[in-house]
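> Those protein sequences? They're chains A and B, same order as listed. Per my numbering, the very first residue in the first sequence carries number 1019; after that it's consecutive. Per my numbering, the very first residue in the second sequence carries number 727; after that it's consecutive. Glycine included, each C-beta is placed from N, C-alpha and C at the ideal position. Treat the numbers as computed from the prediction; the structure is a model and nothing was measured.
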Amino acid sequence: MPNGLHAVTYIPLVALALIVGVLVWKAIPAIRYNGFGFFVHNRWSIGDLYAPLVTTNGVRHPPLASYGALPLILGTLVSSAIAIVLATPVAIGTALVVVEKLPPRLSSGVGFCLEVLAGVPSVVFGLWGFFTLGPFLSHHVATIWANHVPNVPVLRFFRGPTGAGQGLLTAGVVLAIMIVPIIAATARDLLRQVPRATVEGAVALGMTDSESMRAVSLPWIRSGLIGATVLGLGRALGETIAVAMVSGVLLGSNVHSLYGAFTTIAATLVSQLDGAFSDVSGLTTSTLAETALVLVVITLLANVGARFLVRRVATTALPVGRGI
Amino acid sequence: MAATGSAAAAPSVTGPFATGRRPRLGRRRWGNRLVWALCAVALALVVIPVVSIVWGVAGRALAHWHWSYLTTYPSGNGGGLLNAIEGTLLIVAMVVVVAGAIGVGAGVYLAEYSQDRRHLLRGASEVLAGVPSIVLGYVGFVGLVTALHWHYSLYAGVIVLSVLVVPYIMKTTEVALRNVPTTYREGAEALGMRGGYALRKFVLRPALPGIATGLILAVAIAVGETAPLIYTLGYSSGSPAFGLHNSPTGYLTYNVFTDYNQPFASSHYRADAAALLLIVMVLVLIVIARVIVMTTQRHSPDRPQRMGRRRPGRGPGPSDSVDFDTASR
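1) With a threshold of 7 Å between beta-carbons, can A:ASN1321 be considered close to chain B, or not?
2) What residues from chain B crowd round A:LEU1318, counting only those whose CB sits closer than 8 Å?
3) Short of 8 Å Cβ to Cβ, which residues in the segment 1131-1149 of chain A face chain B?
4) Any C-beta of chain B sitting closer than 7 Å to the C-beta of A:ILE1029?
5) Sort out for me which residues DSSP pairs A:THR1074 with in a bridge.
6) Give the single residue among A:ARG1240, A:PRO1107 and A:HIS1166 whose Cα lies nearest to the Cα of A:ARG1325.
7) Residues in the same chain with beta-carbon distance under 6 Å from B:TYR723, minus the five sequence neighbours each way, listed in chain order, please.
8) Does any residue of chain B bring its CB to less than 7 Å from the CB of A:GLY1252?
9) So what does DSSP say about B:TRP781, is it helix, strand or coil?
10) Look at A:ALA1202 and A:ALA1113 and say whether their C-beta atoms are less than 7 Å apart.
11) With a CB to CB cut of under 6 Å and the five nearest residues on each side skipped, what residues in its chain are close to B:PRO932?
12) Is DSSP giving A:SER1126 helix, strand or coil here?
13) Reducing DSSP to helix, strand and coil, say where A:GLY1270 ends up.
14) According to the neighbour-count rule (16 or more other Cβ atoms, all chains shown, within 10 Å of its Cβ), is B:THR797 buried or exposed?
15) Whole-angstrom Cβ separation of A:SER1084 and A:SER1063, contact assumed at under 8 Å?
16) Measure the C-alpha to C-alpha separation of B:SER840 and A:THR1258 and round it to an integer number of angstroms.
17) Answer yes or no: do B:THR958 and B:VAL868 have a C-beta to C-beta separation smaller than 7 Å?
18) In chain order, what residues of the same chain lie with their CB nearer than 8 Å to the CB of B:LEU1004, ignoring the 5 residues before and after it?
19) So what does A:TRP1062 bridge to, in DSSP terms?
20) Taking only the alpha-carbon atoms, compute the straight-line gap between A:VAL1221 and A:SER1235 and give it to the nearest angstrom.
21) Check B:GLY805 in the structure and name its three-state DSSP category.
22) Within 10 angstroms of its Cβ, does A:ASP1292 collect 16 or more other Cβ (buried), or is it exposed?
23) Which residues, in order along the segment 965-987 of chain B, keep a beta-carbon less than 7 Å from a beta-carbon of chain E?
24) Could you check how far apart the C-beta atoms of A:PRO1089 and A:LEU1269 are, in whole angstroms? I think they sit under 8 Å.
25) Should the segment 799-810 of chain B be regarded as contacting the segment 967-978 of chain B, the criterion being three or more beta carbon pairs within less than 8 Å?
26) Using C-beta distances below 7 Å, list every residue in its chain close to A:ALA1101, excluding the 5 sequence neighbours before and after it, in chain order.
27) Quick one, which of A:VAL1212, A:GLU1118, A:PRO1237 and A:THR1305 has its alpha-carbon nearest A:LEU1393's?
28) For B:ILE811, count neighbouring Cβ atoms within 10 angstroms of its own Cβ and tell me buried if that reaches 16, exposed if not.
29) Select from B:ALA837, B:ARG786, B:TRP781 and B:LEU807 the residue whose C-alpha is nearest the C-alpha of B:TRP793.
30) Assess, as a yes-or-no matter, whether the segment 903-921 of chain B is touched by the segment 882-893 of chain B under the definition of 3 or more beta carbon pairs within less than 8 Å.
31) Under a CB-based cut-off of 7 Å, is A:GLY1190 close to chain B?
32) Spatial neighbours of B:ALA967 within its chain, please: C-beta separation below 6 Å, excluding the five flanking residues on both sides.
33) How about the segment 1027-1047 of chain A and the segment 816-834 of chain B: do they share at least three Cβ pairs that are nearer than 8 Å?
34) Step through the CB atoms of chain B and report whether any lies within less than 7 Å of the CB of A:LEU1023.
35) With 7 Å set as the bound, which would you pick, yes or no: does the beta-carbon of B:VAL772 sit closer than that to a beta-carbon of chain A?
36) Taking the alpha helix (DSSP H) that A:VAL1141 belongs to, which residues open and close that run?
Listed below in C-alpha cells is the structure:
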C-alpha cells in the first residue's frame, strides 16, 4: 500500500478535528458565561465597552454583556422549515414531469435549469432576492392575503404589513429555490431507476399514471427522497450570504411575523464577526463560536436523523440520495 | 392510495353499465389531470426563477456595462473588477491544485486500497461536507488569521476553501473509480502488472471524466463561495500578492456582497457586473461538465446502463445527469 496515499487520506480527518477543536476551545468562555440562558432568552448585547471589564464565573467581560441565541436558533429553524415545505413538493412535481411526460430534449433543458440553480453563487441569489424577489413578494404576492388573515394566535403570524421585502418570507423562498435542484435532481435520477415491470404491473391493475406514481414509484424512492430532502435541509440551515442579504439580520427579537426581519445563526456569524473585535475581552468572538457549535450540532442532528429515518423506512436497497 | 381503493371497490357494482362506475372513472381521470397540472405548475416554479435570476442580473448589468470592468482596477466607489477577476482565478487555480491532490488521492485510496468499507475517513468527510461554510470561515479566521497572526492572507483563504471542497472531490473520485469494471483490474493482474502500474495505466483512465467532473464542481464551488472567504482573504483593490502573511486578495463574490448596498450608483453597477461575471463563469463550467459527460458517454460502452428506462425510444438524454445539481452546497 502506498504510504503517501495513506497519509493524504487523513487530511480530512485532521481538518475536521481541528475545526471542532478550535470551535470548542473558543467557545468555552462563552459557555461558562452564558450558561443555559443562552438558549432561552433573546437579549443580545455586547455590553458597556467603556466601563472596566468585570469577571463572572471566571470569565472577563464588559459589564451588562448578555447573549441570548433563541432568535438565531428559531430563525434558522423556521426559515429552513419554510424552505423545505415549499421546495419538496415543487421538486417532486418537477421530477415527475421530467421523467414521465417531457421528451428528452426538454427534460435535458430542465436538467440544465436545475444545474444553473445549483451552480449560481449564493451571493447572486442574495442580490436577486434583494432587488427582484423581495419587492415582488411583499408588494404583489403577500398583500393578497396579509390583510385578510384573521387576528387569532397562530394565523396572526401571516398577518400584518408586508414590509419592503427583507424578511422571513423572502429568505424562506430564496432558500427553497436554492435547495430545489438538490431534491429535484435526486428524485429524477431515482425515478428513472424504478423498475419498469413494477410500474407496468400497476398500470395493468388499471391505475392511471398519477395513481401508479403515488402507489408505486414514490414509495419505491422514498428513502432516497428523504436523504435528498435532508441534504437540502443541511444547505438551508447553513446558508449564509443569501440569508444575510435578504433577512435584515435582526438581533435581539424573536421572529413574530412572516414578513418581519429576522436572523439566522449563519447570517449572524457573518455580520457580527467584524464588530466582535471591539469587545477586547473576546467574549463576543467566543459567543459566536458557541453559536457556530450550535449550528454544527443542528446540522449533524438533521443528518443523523435522516440516516435513522432512512434505515427505518427503507424497503428497497436504493442508494440514499446523499448527493455526491 | 385512496384512488387504488376506489378501483378495488368497482367490482361491487354489478353489470358493465351500472351507475356509479362512470362517474368514478371520470373522477379518477380528472384527478389524474389535476395531479399532472400541479406537477406542471411545479415545473414552472422551477424554470421561472432561473429565467428571472439570469435575465434580471444580466439585464441590470448590461444596462450599465462597460468593458473597462475587465481591464481596470477599482478606484473609489467605481472603477473595474480586474483585481477581483485576478483574485478569483488565482484562488480557484490554487484550490484545484491543493484540494485536487488531496481529494483525488484520498478518493483513490478509498476506492482501491481501503479494506474496511466503513472507513473512519468516509464518515469524517461526510461530516466535513455537512459543516456550514461560514463555520469554516470562522475557524479559518480565528485559527489562521488571528491565532497564527497570518492576518488576511491568500493562503488562509485557499486552505479554508480546499477543506470545503475536498469531500466533494473525494466522493466523485471514489464513485468514478468504483464504476470502472472489475474486469479491468483482473485483466491487468492476469497480465502480471503491479498494482500501482495497473492503476495508473488502466483503471484510472476510464475514471478520468468522472474525476474531471468532480474537479469542475469544486471550481464552481470555489468561484461562488463568499462566506468562508470574507474573514480569511479580506479584500484588496490591487493585484493579488503572494505573501503568506498579510496578503489580502480581492474576489468577485466580495464585490457583489459589499457593493450592492453602498449608497453609490457606481457601486451598484459594479456589483451587478460582478454578479454577471459569476453567472457567466458558472454557465461555462456547467457546459464544460456537460460536454465531458456527453463525449465520454458516447464513446464508452462500459458505462453501467440505467436500468428500467421507462420509454426505450425516448429515454433520457445522455447529458442531463451531470453531478452538478445534486452536489452543490
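So, from the listed chains and residues:
1) yes
2) VAL853 and GLY856
3) CYS1131, LEU1132, GLU1133, VAL1134, LEU1135, ALA1136, GLY1137, VAL1138, PRO1139, SER1140, VAL1141, VAL1142, PHE1143, GLY1144, LEU1145, TRP1146, PHE1148 and PHE1149
4) yes
5) A:VAL1077
6) A:ARG1240
7) The requested residue 723 of chain B is not part of the displayed model; chain B covers only 727 to 1055.
8) yes
9) helix
10) yes
11) VAL906
12) helix
13) coil
14) exposed
15) 5 Å
16) 36 Å
17) no
18) VAL949, GLY950, LEU978, THR979 and VAL982
19) A:TYR1085
20) 12 Å
21) strand
22) exposed
23) Of the protein chains in this structure, namely A and B, none is chain E.
24) 7 Å
25) yes
26) GLY1190, LEU1193, ALA1194, ILE1197 and ALA1254
27) Residue 1393 of chain A is absent from the model: chain A starts at 1019 and stops at 1342.
28) buried
29) B:LEU807
30) no
31) no
32) SER973
33) yes
34) yes
35) yes
36) 1140-1146
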